[in-house]
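2 protein chains.
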Amino acid sequence: MPPVGASRDEAPKAPRADAQRNTALVLAAARRAVAAHGLTVSYHEIARLAGVGVGTVYRRFPERDQLMGAVLIDILDELICEANQALDNPDAWAGFRNLFTLLALRTGENAGLSDSLDERGGPQVAQRRSRLLELLRRATLRAQQAHVLRDDVAWHDIPFLAQGATSAVCVLGLHAGPLQAQQAVTVILDGLRRS
Amino acid sequence: MPPVGASRDEAPKAPRADAQRNTALVLAAARRAVAAHGLTVSYHEIARLAGVGVGTVYRRFPERDQLMGAVLIDILDELICEANQALDNPDAWAGFRNLFTLLALRTGENAGLSDSLDERGGPQVAQRRSRLLELLRRATLRAQQAHVLRDDVAWHDIPFLAQGATSAVCVLGLHAGPLQAQQAVTVILDGLRRS
DNA sequence: GACAAACGGACAGGATCTGTCCACTTGAGA
DNA sequence: TCTCAAGTGGACAGATCCTGTCCGTTTGTC
Chain A
518 MPPVGASRDE
528 APKAPRADAQ
538 RNTALVLAAA
548 RRAVAAHGLT
558 VSYHEIARLA
568 GVGVGTVYRR
578 FPERDQLMGA
588 VLIDILDELI
598 CEANQALDNP
608 DAWAGFRNLF
618 TLLALRTGEN
628 AGLSDSLDER
638 GGPQVAQRRS
648 RLLELLRRAT
658 LRAQQAHVLR
668 DDVAWHDIPF
678 LAQGATSAVC
688 VLGLHAGPLQ
698 AQQAVTVILD
708 GLRRS
Chain B
518 MPPVGASRDE
528 APKAPRADAQ
538 RNTALVLAAA
548 RRAVAAHGLT
558 VSYHEIARLA
568 GVGVGTVYRR
578 FPERDQLMGA
588 VLIDILDELI
598 CEANQALDNP
608 DAWAGFRNLF
618 TLLALRTGEN
628 AGLSDSLDER
638 GGPQVAQRRS
648 RLLELLRRAT
658 LRAQQAHVLR
668 DDVAWHDIPF
678 LAQGATSAVC
688 VLGLHAGPLQ
698 AQQAVTVILD
708 GLRRS
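Chains as they are written, first to last, in my numbering: chain A, 518 to 712; chain B, 518 to 712.
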């Protein structure tokens, strides 16, 4: 099987420009769709939001886990970046506070996303999640060692508090105002800070 | 139309004993089902949890709103009772704290239940919700006037903080332990309390 | 013991989602 | 500019799940 195999060694050609554009559109739409409708949002809805046909979404992400994984990786990378900045921040509390705030926003927007991919997300997701948790652990311990964060919370309590700050959008018929999340973050951070 | 009409004036006969028992079973099952699967849980699932046939569920609650309304009334009455106790408590902070804690547990368990019935819940739900909110408002103001609750939170921020404390059950692959909710409630109450 | 009330669950009908297919459009290299 | 492979859209078939009804059977009550 000589000449036929020649193509074997060729570098895989880059996708066409419109294909790349559509991939980005689909990803962005999926992120909004998951935030708005939850994890079970249909491919049709994502396609509608992206302004492409369903066929295009299925062609890019034949498996639902691939698509959700890509969305999650997007979010995890953003959080990992913030976590690194938190550790570099000379002010341990300011670093922790910024990380907590972003964590609150992202986990609130995409509640449940990370968890549904517990096992099926593949190594790319698992590795990033571990990395983020490790950075969060270090940022938490650092703040505690600097005596600015109360000692009776564990690092793994932080994500629960963060998600809680932003996940409630409507309770007892009351609708969350635009500043509701920020208000909750403030109160919780005050509760976390060592007096 | 004389003798036929006689039945018109008779008091409506009480349901049979097994029917009453089943109504209670269905209600309890619905409460668990909503907590576990959300508002869109199917009648089949509720019937399964209750250990009755679907027909029985439909016979008792032909309209979904009736069933959800009944569940919600159950919860609201419990909260109203606690709110009244909060106002009677000589210790303004203790009263507020107890109310907040129960609010956290119930709104976390049944996130979204109250809101979906915003309009369709009927007067029985609307009246109870108004009543609860009014009591919550008074309990909050009372705690602020006693200088035990920070002034920069409004009474209508409280339900959002409460629901947030308990709604997160799984974040970034971490699963909430049995004490997670209590821990969050503690931190948030510390954030709310005036130092 | 008789009978009305209540029950269970099979089933039809409807809504929604998944995933494919193919006629048509578009980008890129010659 | 031309050619053609790559890419697209969206109709459609099939699968899945939910709703709501109906009727033969069971059960409580008088």
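C-beta: ideal position from N, C-alpha, C; glycine also.
Of the listed residues the options, nearest to residue i (C-alpha basis)
i: tyrosine 575(A); options: Leu589(A), Ile590(A), Leu544(A); result: Leu544(A)
i: proline 607(A); options: Glu626(A), Arg711(A), Pro640(A), Ala660(A); result: Ala660(A)
i: asparagine 615(A); options: Ser631(A), Tyr560(A), Arg645(A), Cys598(A); result: Cys598(A)
i: proline 676(B); options: Leu596(B), Arg637(B), Val588(B); result: Leu596(B)
i: aspartate 582(A); options: Ser559(A), Arg655(A), His664(A), Leu709(A); result: Ser559(A)
i: aspartate 605(A); options: Arg655(A), Asp632(A), Thr573(A), Asn627(A); result: Arg655(A)
i: leucine 689(A); options: Val571(B), Leu584(B), Val642(B); result: Val642(B)
i: serine 712(A); options: Trp610(A), Thr573(A), Ala546(A); result: Trp610(A)
i: valine 467(A); options: Arg648(B), Trp672(B), Ala671(B), Val704(B); result: It is not possible to answer for residue 467(A), since the shown part of chain A is limited to 518 through 712.
Alpha-carbon spacing of residue i relative to residue j, whole angstroms
i: arginine 549(B); j: aspartate 635(B); result: 21 Å
i: threonine 657(B); j: leucine 666(B); result: 8 Å
i: aspartate 526(A); j: glycine 612(A); result: For aspartate 526(A), the pLDDT reaches just 45, beneath the cut-off of 50, and the residue's location in the model is therefore unreliable, although a value from the coordinates is still provided. Whole-angstrom Cα-Cα distance: 48 Å.
i: cysteine 687(A); j: leucine 619(A); result: 21 Å
i: valine 702(B); j: alanine 534(B); result: 42 Å
i: proline 532(B); j: alanine 564(B); result: 19 Å
i: glutamine 602(B); j: glycine 625(B); result: 21 Å
i: leucine 706(A); j: leucine 678(A); result: 9 Å
i: alanine 693(A); j: lysine 530(A); result: 48 Å
i: glycine 638(A); j: alanine 552(A); result: 18 Å
i: alanine 698(B); j: arginine 623(A); result: 20 Å
i: arginine 588(A); j: leucine 652(B); result: Reading off the sequence, residue 588(A) comes out as valine, not arginine. Cα to Cα, valine 588(A) sits roughly 43 Å from leucine 652(B).
i: aspartate 668(A); j: leucine 696(A); result: 29 Å
i: valine 569(B); j: glycine 555(B); result: 20 Å
i: glutamine 662(A); j: glutamine 700(B); result: 21 Å
i: proline 520(B); j: asparagine 539(B); result: Because the pLDDT of proline 520(B) is 37, which lies under 50, any placement of that residue in the model is unreliable, and the number read from its coordinates should be weighed accordingly. Spanning the two alpha carbons is a distance of roughly 34 Å.
i: glycine 522(B); j: arginine 646(B); result: Because glycine 522(B) sits at a pLDDT of 38, beneath the cut-off of 50, its placement in the model cannot be relied upon, and the point is left open.
i: serine 524(B); j: glutamate 580(B); result: Interpretation of serine 524(B) is limited by its pLDDT of 41, a score under 50 that renders its predicted location unreliable; the figure taken from the coordinates is listed afterwards. Whole-angstrom Cα-Cα distance: 27 Å.
i: serine 633(B); j: histidine 664(A); result: 44 Å
i: alanine 567(B); j: leucine 691(B); result: 31 Å
i: leucine 650(B); j: asparagine 627(A); result: 29 Å
i: valine 541(B); j: leucine 630(B); result: Sequence check: residue 541(B) is alanine here, not valine. When rounded, the distance between both Cα atoms is 19 Å.
i: threonine 683(A); j: threonine 683(B); result: 12 Å
i: alanine 536(B); j: glutamine 680(A); result: 43 Å
i: arginine 710(B); j: valine 571(B); result: 48 Å
i: methionine 585(A); j: phenylalanine 578(A); result: 9 Å
i: isoleucine 590(B); j: proline 640(B); result: 11 Å
i: aspartate 674(B); j: glutamine 644(A); result: 37 Å
i: aspartate 594(B); j: alanine 685(A); result: 22 Å
i: isoleucine 592(B); j: glutamate 562(B); result: 21 Å
i: leucine 648(A); j: alanine 600(A); result: Per the sequence presented here, residue 648(A) reads as arginine, with leucine not at that position. Going by the C-alpha atoms only, they are around 10 Å apart.
i: glycine 708(B); j: phenylalanine 617(B); result: 13 Å
i: methionine 518(B); j: alanine 547(B); result: Because the pLDDT at methionine 518(B) is just 34, under 50, the model does not fix this residue reliably, and the value given afterwards should be weighed accordingly. So the two alpha carbons sit approximately 43 Å from each other.
i: threonine 557(A); j: alanine 621(B); result: 26 Å
i: tryptophan 672(A); j: tryptophan 672(B); result: 30 Å
Within chain B, partners of residue i - CB distance below 8 Å
i: histidine 673(A); result: Leu691
Partners in chain B for residue i, counting only beta-carbon separations shorter than 7 Å
i: serine 559(A); result: Near serine 559(A) there are no residues of chain B at all, since even the closest Cβ is about 14 Å away, more than 7 Å.
i: valine 704(A); result: Val670, Leu678, Ile705, Gly708, Leu709
Partners in chain A for residue i, counting only beta-carbon separations shorter than 8 Å
i: glutamine 641(B); result: What glutamine 641(B) touches in chain A: nothing, since even the nearest Cβ is about 14 Å away.
i: glutamine 697(B); result: Asp674, Phe677
Closer than 7 Å at the beta carbon, the chain A residues around residue i
i: glutamine 680(B); result: Ala685, Val688
Within chain B, the residues that residue i reaches when beta carbons sit closer than 9 Å
i: glutamine 700(A); result: Asp669, Val670, Ala671, Asp674, Phe677, Leu678
Chain-ordered neighbours of residue i on chain A, where CB pairs are closer than 9 Å
i: glutamine 644(B); result: Per Cβ cutoff of 9 Å: no residues; glutamine 644(B) is ~12 Å from chain A at best.
i: glutamine 602(B); result: Chain A residues near glutamine 602(B): none, gap ~18 Å exceeds 9 Å.
Select from the region 646–661 of chain B all residues with a C-beta closer than 8 Å to any C-beta belonging to chain A, and list them in chain order. Cβ contacts with chain A come from Arg646, Leu649, Leu650.
Proximal residues, the region 532–553 of chain A versus chain B, C-beta separation under 9 Å: Within the region 532–553 of chain A, no residue has a Cβ that lies closer than 9 Å to any Cβ of chain B.
Where the region 612–635 of chain A meets chain B: residues whose CB sits under 8 Å from a CB there: For chain B, the residues of the region 612–635 of chain A that bring a beta carbon within less than 8 Å of one of its beta carbons are Thr624, Ala628, Gly629, Ser631, Asp632, Asp635, in chain order.
For the region 666–699 of chain B, list the alpha helix (DSSP H) runs that are entirely contained and at least 4 residues long, ordered along the chain. DSSP runs (the alpha helix (DSSP H)) wholly in the region 666–699 of chain B: 675–684.
Can you list, in chain order, the stretches of the alpha helix (DSSP H) that have 4 or more residues and sit fully within the region 604–667 of chain A? Runs of the alpha helix (DSSP H) inside the region 604–667 of chain A: 609–626, 630–633, 639–662.
Could you tell me which uninterrupted alpha helix (DSSP H) segments, each at least 4 residues in length, are contained entirely in the region 551–597 of chain B, listed from first to last along the chain? The region 551–597 of chain B contains these whole alpha helix (DSSP H) runs: 560–567, 571–577.
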